[in-house]
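Chains as they are written, first to last, in this note's numbering: chain A, 14 to 144; chain B, 1251 to 1437. Glycine is no exception: its CB is placed at the ideal position from the N, C-alpha and C atoms.
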Amino acid sequence: MMQNSNIDKLTKDILKNSYLEVTDPDFNSATMKIVLHESRKRRILENIFLCFLAFAAVDTLIFLVLWLLGLNVFDIALRLGAMPRDILIQVGQLRSSLVKNEGIMYVMLSFGGIMAILTFLESKLKSRERL
Amino acid sequence: MDEFYLRLVLEGNVSKYSYFIEKYKGMAFSIAFRIAGNREEAEEIVQDAFLKAFRSLDKFRKDSKFSTWLYRIVVNCSLSRRRNKKLESSSIDADDAADSVVANVESVYRSLDLSDQKKFIHLALEELSIEDRLLLTLYYLNENSIDEITEITGITRENIKMKLHRARNKMYIILNNNLKLEIRSIL
């Protein structure tokens, strides 16, 4: 009577010959190409999302600053029904009220741009490191 | 070693993913081939599986081996490709292969040269059902434990044991028949 463990051993020996190799010599590079493409696609989406977040943060900050200065843009928009024009008017008024302090104006207007550029550069550097 | 490379890839060093491709492509290909039945499709399945594994690498729970997790993806990819194709089933009744069959296979098989051995085992596996050849490949070739096979295939432990036993017997019966035919043709 042949023992089960012996049959198992024999089966292992026999099945060792059923191992298959990938014959395509470019298989690794082709697969890595697909993976890297996927990775790049994901990073681009991440970058877009980060930029969007940065803009959202800057916008919120601007709204907050305006609110601290007593200007609620949403209220104005609801009241007058023409949001962009009225915001511009209010910002213009704000500008003229702050014109005495050009430093504050400069910081406020360029803060958004600087934030966006910094975020973009940071994510770009990270992308290069990854590759 | 897998954990080390896994950490590197998760930290953003994507090029290190090639380590996993190099290490597991052979076994992943063997599994995919057992289900797909042809080389080109099996290679596509393996590429697809590696990409899917990469996409969900951050979801990989380290409570199982990376290979087990990857092979499950390979099996799922292979099966989903085959979903529209008719699944063949072996009609061999193999509750028990007689010892004489196994002994006969052993003596004749060992007398063959390596290329003939490979030819006969591939022919025998082709005659088995997808599930049978997948289980035999995982258990005997890749030496996965029953628990790992449960994780890879989703089949229960008890079922795996029973199916493995039957698959092994079927394989011996097919091998025996094919080897007999070969001997007859030589004589």
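Inter-stretch contact at 8 Å, needing at least 3 Cβ pairs: the region 29-39 of chain A / the region 1253-1272 of chain B:
no
What's the call for E1293 (chain B), buried or exposed, on a 16-neighbour Cβ count within 10 Å?
Within the second sequence, residue 1293 (chain B) is the residue found at index 43, counting from 1. Buried, because 16 or more other Cβ atoms sit within 10 Å of the Cβ of E1293 (chain B).
Within 10 angstroms of its Cβ, does L1386 (chain B) collect 16 or more other Cβ (buried), or is it exposed?
As a working note, residue 1386 (chain B) is residue 136 in the second sequence. Under this definition L1386 (chain B) is a buried residue.
Are T44 (chain A) and I1271 (chain B) touching if we call contact CB-CB under 9 Å?
Start at 1 with the first residue of the first sequence, and residue 44 (chain A) comes out as number 31. Start at 1 with the first residue of the second sequence, and residue 1271 (chain B) comes out as number 21. Yes; because the gap between Cβ atoms is below 9 Å, this pair is in contact.
Using the three-state DSSP reduction, which class does R1322 (chain B) fall into: helix, strand or coil?
Here residue 1322 (chain B) is taken as the residue at index 72 of the second sequence, counted from 1. Helix at R1322 (chain B).
Return the CA-CA distance between K1312 (chain B) and C64 (chain A), expressed in angstroms with no decimal places.
Working through the second sequence from its first residue, we reach residue 1312 (chain B) at position 62. Working through the first sequence from its first residue, we reach residue 64 (chain A) at position 51. Their Cα atoms are separated by approximately 33 Å.
In terms of residues, what are the limits of the alpha helix (DSSP H) holding T1403 (chain B)?
Stepping through the second sequence from its first residue, residue 1403 (chain B) is reached at position 153. That run of the alpha helix (DSSP H) goes I1396 to T1403.
Taking 8 Å as the threshold, find out whether the region 1310-1330 of chain B comes into contact with the region 1278-1288 of chain B through three or more Cβ pairs.
yes
Does the region 1415-1432 of chain B come close enough to the region 48-60 of chain A that 3 or more CB-CB pairs lie under 8 Å?
no
Which of the three DSSP states is assigned to L1386 (chain B) in this structure?
If you number the second sequence from 1, residue 1386 (chain B) lands on position 136. In this structure, L1386 (chain B) counts as helix in the three-state DSSP scheme.
Helix, strand or coil for Q16 (chain A) per DSSP?
The count along the first sequence starts at 1 and reaches residue 16 (chain A) at position 3. The answer is coil: DSSP assigns Q16 (chain A) none of H, G, I, E or B.
Which whole-angstrom value is the C-beta distance of V71 (chain A) and F124 (chain A), which I expect to be below 8 Å?
Residue 71 (chain A) sits at position 58 when you count from the first residue of the first sequence. Residue 124 (chain A) sits at position 111 when you count from the first residue of the first sequence. That pair is a contact at about 6 Å.
Any Cβ of chain A within less than 9 Å of the Cβ of E1381 (chain B)?
On the second sequence, position 131 is the one that residue 1381 (chain B) refers to. Output row for E1381 (chain B): interface = no.
K54 (chain A): first and last residue of the uninterrupted alpha helix (DSSP H) it sits in
Counted from its first residue, the first sequence places residue 54 (chain A) at position 41. F40 to L81 is the span of the alpha helix (DSSP H), which, as asked, contains K54 (chain A).
What in chain A is Cβ-close to Y1359 (chain B), meaning under 7 Å?
As a position in the second sequence, residue 1359 (chain B) is number 109, starting the count at 1. Ordered by position in chain A, the residues that pass the 7 Å Cβ test against Y1359 (chain B) are I27.
So what does DSSP say about S31 (chain A), is it helix, strand or coil?
Reading the first sequence from its first residue, position 18 is the one you call residue 31 (chain A). Residue state, collapsed to three classes: coil.
Using a threshold of 9 Å, state whether the C-beta atoms of R1407 (chain B) and D1397 (chain B) are closer than that.
The count along the second sequence starts at 1 and reaches residue 1407 (chain B) at position 157. The count along the second sequence starts at 1 and reaches residue 1397 (chain B) at position 147. Result yes, Cβ atoms of R1407 (chain B) and D1397 (chain B) sit closer than 9 Å.
Would you kindly work out how many angstroms separate the C-alpha atoms of A1353 (chain B) and L1362 (chain B), rounded to a whole number?
Residue numbering aside, residue 1353 (chain B) sits at position 103 when the second sequence is read from its first letter. Residue numbering aside, residue 1362 (chain B) sits at position 112 when the second sequence is read from its first letter. Cα-Cα distance, rounded: 15 Å.
Helix or strand or just coil, what does DSSP make of K1368 (chain B)?
As a first step, residue 1368 (chain B) is located in the second sequence; it is residue number 118 there, counting from the start. Three-state DSSP puts K1368 (chain B) in a helix.
What is the rounded straight-line gap between the Cα of K29 (chain A) and the Cα of L1258 (chain B)?
Within the first sequence, numbered from 1, the residue matching residue 29 (chain A) stands at position 16. Within the second sequence, numbered from 1, the residue matching residue 1258 (chain B) stands at position 8. If I take the Cα positions, the gap works out to 33 Å.
What do you reckon, are the CB atoms on L1425 (chain B) and I27 (chain A) nearer than 9 Å?
One-based indexing of the second sequence puts residue 1425 (chain B) at position 175. One-based indexing of the first sequence puts residue 27 (chain A) at position 14. Their beta carbons are under 9 Å apart, which means L1425 (chain B) touches I27 (chain A) by this criterion.
Strictly below 7 Å CB to CB, what residues from chain A border G1283 (chain B)?
In the second sequence, residue 1283 (chain B) corresponds to position 33, counting from 1. It is Phe, not Gly, that sits at residue 1283 (chain B) in the sequence shown. Neighbours of F1283 (chain B) on chain A, chain order: L33.
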